Structure formats: structure tokens, C-alpha cells
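Mapping the sequence shown onto full-length UniProt numbering, position 299 (from 1) lands on 299, and the numbers just tick up by one. Before any comments, here is the structure.
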Amino acid sequence: MSAFMLPPLWSSNSGRRRRASVSVLTEGEDTEVSKEIERYFLRQVREKVLDSGRNALEESLYMAGNVLGTAPSTQRKLKRPEDLADRNSVFVKAGFPTMKVHCKICEAEEGSARGWDGLMLHGMLGSTFTYRRIQPLLASRMRGKLASMDLPGFGLTERPNLLTWRLLSRDSPYTPGHAEELTRQVMAKLKLTNSVLFGHSMGAPVALSAALNGAPVSGLVLFSPAVKIQQVPFMKQFMNTFLTVPWVGRRAVRKSMEKAVEGDRIYHMIKRNFHDLNRIPLEETIDGYTRPLRVHDWDSGLQQYYLNFDGFNLLEDPRIKRLNIPVLIISGEHDRVLHTNDMDALSKALPNSKFHVLPDCGHIPQEEKPLETYSLIEEWLESLPVPRFGS
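Structure follows, in C-alpha cells:
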């Protein structure tokens, strides 16, 4: 006769420990307990299998939506970019493969003498939202058409599905080179002339690269520009291997961003970019920076952006010293994201550059100190050649 013995139990009595009596089950009881344990483990296994199945189905639907351009059930709560756009939003078809690029346009009042046009590029995880406080002011002062655009992978710009660009193009639409080409195409589509290119943080290298490669610009304004980003080769290889796995990479990006913006975490993320949160409308800022996470395939866009991101050093480009157009660089004294020393070095490398550091300001001067930033740009515009038309 077999017997099932319960594990030893310990009980306390007046601070002393004594072993509890060992229970012995009869053969019938032994069989019933064994069956109950078997049923318990079967339930656990079944739940694990169902969870794995649900996750696999979710990822399969996400992949289907990305490859086929459909809207699977997991994305039904997400929206089309057009549904999240504002009244002054326009979508410009540009790039290869063709995508709908989200832009916001401000124009000077009719009747005023025409001045400069311009295009504004945001930084990593940013959008046209970052220029909302300064764009209308500058458009009026420049007396022209001033547009801001969402770069590939960000804001409300369309995320091309994988099947489209892999079949039609050798290059990903999320490379820095494509961002530069897209910038030039949008300038042409919007018929921007005598243009000033603006770039914030990671948008600054795109603007600078466009100017170096012959884009028709009269000047550059760079806000807290990213001058050099170093990447450890081993980590780059590891991240690329990790992110390339369709289900794993996209899910990791999605879960990471969702976790970063939940609860108090989004507050700390915002705080890292600003020196004094009392200077910005906090709720509006949080909503503006998280709105792109409500767009179809936002996670796929970020995944592809990270896959195509490489380190760089603008100071190593010898063409910098030969760029003669006027350049204005503005940063914050308390930038905790990028080093102002690198920005100063870039300014010294450029032959026609001015560098200003705003006191008591963080990484995003155009949002934290829009009036002071505007004043610096207004003064700088006086040094630009008077726009000529009809030539």
C-alpha cells in the first residue's frame, strides 16, 4: 500500500518550535489528492498556453497590420493621423515610397511685404507640437510661409508598411538620408523660397545636412543641436539583432514606450527636458507628446527608426568649415540631455555662426522660453540678406 505523506509543518508554542505530526493518507485518499494536484498543474499549463497564444495572436495581428496595411483588432483603439490633426494641419505626399507627411503651416497676413519662408524640424520623439508657441510669432516676423513637419516615424506622418517599401525601395524611409531628402521634397511641394531651416536636437543634423548637400536655404537656426552621438558597436549589433525580430522588437518598443508614459514616469521624462516646469502648460505638454502614440503603427515606426539610427559626429565633416550661410544656435543653460560644450564647438567650426545660451532654461528653449528665443531669432534675421524674388 502506497501512502502520500504531507510535507513537514512547523508550529510555534511559547516561542518554541516543534514539528507537527505527519499525516498519512490511505490509498483512496492518496489517489484523489494526486488527481487534484494533476488537475491543478493542468490548469496552470493551460493558462500559460492560452496566454502565449493570445500574445502570439496579438503580435501576428500587429505584423499583419504592418505588412498588409490593415487595421487589426489590436489597433482598433488607435486612429488615423488625419483624425488627430488640427485645423492648420496639412498632409503633403512626398518621399519614396510616397507617404503622407504631416505639416502645420502659418502664413503672414496678406498685404505685408514678403520676406523669408521656413521649415521647422523637431527632435527625437518630438513633433510639430514643439514649435506651437513660436511658429505663429516667427511667421508674422518673417512675413512668409513658415511650416513645421513631422519626420518619418514621429508625430502624425504616415508610417509606410513594411511590404510597400521593401518591395519598392532598397532603402528604409526611416534613415537620416531619407529624412533629409523628405525635407527637400516638402520644401519644394510647399513652394518655400528664401527659406530658413530650423532644427531642434536630432532635427538639427537633418537641417544641417540638407544645407550641406545644396538645399536652397538662406540660413539655419538650430535649437540645442545634437552634435555627436556615440554608439558602442557591440551594443548597436545587439540592439539591431534584438529589434529585427518582428514580434520581439516591435513588442519591446511598444511596451517600453507605454511604460515610460504611464503614471509619474511621463512627468519625470518631461522634467528632464525642461528646467522650470512652471513655464510650460504641463497637461497640454503631456498630451502633445503622447498624442502620436494614438496613431496606427506608431510602434512600428519607432522600431524602424531605432534600427536605422547610427552614431555621428558633425564636427568630423570637413564641409562644416565651408558652409558660409548664417547660422544661429540657441541652447539652454541647464540642458540635461545634450552637452552645450559640443554646441559651442559646432558654432566655432561654422564660419558664420552665432551661439546663445539662455539662462535658466533646459533642452527645449522654443517651448520653455519662447519670447526670449523669438527675440534672438528676430535680431538674427536682421543680419540675413534681404530676400529677392523673381530672379
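For each residue, glycine too, the CB sits at the ideal point set by N, CA and C. Please read these numbers as outputs of a predicted model, since none were measured by experiment.
Exercise. Can you give, in chain order, each stretch of the alpha helix (DSSP H) that sits fully within the stretch 123 to 159 and has at least 4 residues?
Worked result: Fully enclosed alpha helix (DSSP H) runs of 4 or longer: 135 to 142.
Problem set entry | Limits of the alpha helix (DSSP H) - the one that A108 falls within | Stepping through the sequence shown from its first residue, residue 108 is reached at position 108. First-last for A108: undefined, no H or E at that position.
Exercise. Beta carbon of L156, beta carbon of E82: below 9 Å?
Worked result: Taking the first residue of the sequence shown as position 1, residue 156 is located at position 156. Taking the first residue of the sequence shown as position 1, residue 82 is located at position 82. Closer than 9 Å, so yes.
Exercise. What residues are listed by DSSP as bridge partners for N313?
Worked result: By 1-based counting over the sequence shown, the position of residue 313 is 313. In the DSSP output, where bridge partners are listed per residue, N313 has K228.
Exercise. Is the stretch 93 to 106 touching the stretch 358 to 368 in the sense that three or more CB pairs, one from each, lie closer than 8 Å?
Worked result: Not touching, per the Cβ criterion.
For this session: Can you check the stretch 287 to 363 for any beta strand (DSSP E) of at least 3 residues that lies completely inside it and give the ranges in chain order?
Result: For the stretch 287 to 363, whole beta strand (DSSP E) runs of length 3 or above, ordered along the chain, are 327 to 332, 353 to 358.
Exercise. Under the DSSP definition of a beta bridge, which residues are partnered with G118?
Worked result: Locating residue 118 in the sequence shown gives position 118, counting from the first residue. Residue pairing by DSSP puts G118 in a beta bridge opposite L146, V196.
Problem set entry | Three-state secondary structure (DSSP) of V261 | Counting from one through the sequence shown, the residue named residue 261 turns up at place 261. V261: coil per DSSP, three-state reduction.
For this session: Please name the residue, chosen from E107, K348, L190, M124, that lies closest to L314 on a Cα-to-Cα basis.
Result: For the purposes of this step, residue 314 is taken as residue 314 along the sequence shown, with counting starting at 1. Of the candidates E107, K348, L190, M124, the residue whose Cα lies closest to the Cα of L314 is K348.
Exercise. From what residue to what residue does the alpha helix (DSSP H) around G177 run?
Worked result: The count along the sequence shown starts at 1 and reaches residue 177 at position 177. Per DSSP, G177 belongs to the alpha helix (DSSP H) from 176 to 189.
For this session: Measure the C-alpha to C-alpha separation of V227 and N341 and round it to an integer number of angstroms.
Result: Position 227 of the sequence shown holds residue 227. Position 341 of the sequence shown holds residue 341. Distance between the alpha carbons of V227 and N341: 10 Å.
Exercise. Do L162 and E107 have their CB atoms nearer than 9 Å?
Worked result: Here the question's residue 162 lines up with position 162 in the sequence shown. Here the question's residue 107 lines up with position 107 in the sequence shown. In terms of Cβ geometry, L162 and E107 do not form a close pair [threshold 9 Å].
Exercise. Whose C-alpha, out of N324, L190, G126, is nearest the C-alpha of L208?
Worked result: For the purposes of this step, residue 208 is taken as residue 208 along the sequence shown, with counting starting at 1. Ranking the options by Cα distance to L208, first place goes to N324.
Problem set entry | Environment of L9 [buried if 16+ CB atoms lie within 10 Å] | Taking the first residue of the sequence shown as 1, we reach residue 9 at position 9. Low local confidence applies: a pLDDT of 29 at L9 is under 50, so the model's placement there is unreliable, and no value is given.
Exercise. Counting along the chain, where does the alpha helix (DSSP H) carrying A210 start and finish?
Worked result: The sequence position of residue 210 within the sequence shown is 210, counting from 1. Per DSSP, A210 belongs to the alpha helix (DSSP H) from 203 to 212.
Exercise. Near E379, which residues of its chain fall below 6 Å by C-beta distance, leaving aside the five closest residues on each side in sequence?
Worked result: As a working mapping, residue 379 is identified with position 379 in the sequence shown. Cβ contact annotation for E379 (same chain, cutoff 6 Å, sequence separation greater than five): none.
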